[in-house]
Amino acid sequence: MKRKVKITLTLLSMLMFFSCDYETHVINTVHEDGSVTRKVIMKNSEEKFEPGKYRVPVDSTWQTKIDIDVNEKGDTSWILTAEKQFASVDEINEEYINDQGSNQHLERKAYFSKSFKWFTTVFRYSETIDKFMTVTCPASDFLSDE
218 MKRKVKITLT LLSMLMFFSC DYETHVINTV HEDGSVTRKV IMKNSEEKFE
268 PGKYRVPVDS TWQTKIDIDV NEKGDTSWIL TAEKQFASVD EINEEYINDQ
318 GSNQHLERKA YFSKSFKWFT TVFRYSETID KFMTVTCPAS DFLSDE
């Protein structure tokens, strides 16, 4: 019975967290000098986008445009596309620190490195995002010793 309650609470909390925010896609284009062009695409069923619900920090320094998409069923979606050029990952990390959106409590960090190996250059870009759900469900609740 306890297991069902935990699962139900977890599913309800996930529904609450994920149903309020916009469907968001992030495209990072990493350049040889370490600069990053970041494009954020958010989809909403209403015309107004509230900055407090953004999953990725977007402010007035970004180039933005709003498009309308109507599907075959006649449902209307508004798509906010924002783009910004960052000189380095340090600027992205600074935006994460100053974020006032729905993910401001998450620990996020971007990394970039460049190394030379023989006749090639290896570029590495990554972002680390802290876990979202902190609910613990031990494996022993679901698995037996068999």
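FYI, the numbering for the sequence shown is 218 to 363, going by the working numbering. Just so you know, even glycine gets a beta-carbon here, dropped at the ideal spot from N, CA and C.
Review point. How close, in whole Å, do the beta carbons of residue 251 and residue 333 come, if the pair is a contact with beta carbons under 8 Å?
Key: Rounded, the Cβ-Cβ distance is 14 Å, inconsistent with contact.
Practice item. Have a look at the DSSP bridge pairing and note the partners of residue 296. Key: 260, 284
Practice item. Verify whether the separation of the beta carbon atoms of residue 310 and residue 327 is less than 8 Å. Key: yes
Exercise for review: For residue 268, I'd like the list of residues in its chain whose CB is within less than 8 Å of its CB, leaving aside the five on either flank, ordered along the chain.
Suggested key: 275, 276, 317, 318
Check your understanding: Who are the near neighbours of residue 347 in its chain, counting only those whose CB is closer than 8 Å to its CB and skipping five residues on each side?
Key -> 323, 324, 325
Check your understanding: How about residue 246 and residue 273: are their beta carbons less than 8 Å apart?
Key -> no
Check your understanding: Quick check: the region 254-270 against the region 285-304, are there 3 or more CB pairs under 8 Å?
Key -> yes
Check your understanding: Whole-angstrom Cβ separation of residue 301 and residue 280, contact assumed at under 8 Å?
Key -> 7 Å
Point to revise | Host beta strand (DSSP E) of residue 324 (start-end) | key: No beta strand (DSSP E) holds residue 324; DSSP gives it neither H nor E.
Practice item. Take residue 256 as the anchor and find which of 307, 306, 299 has the nearest alpha-carbon. Key: 299
Review point. How about residue 297 and residue 340: do their beta carbons lie closer than 8 Å?
Key: no
**Study point:** In DSSP terms, what residue 245 is bridged to
**Key:** 255
Check your understanding: Do you know how far the Cα of residue 362 is from the Cα of residue 354?
Key -> 17 Å
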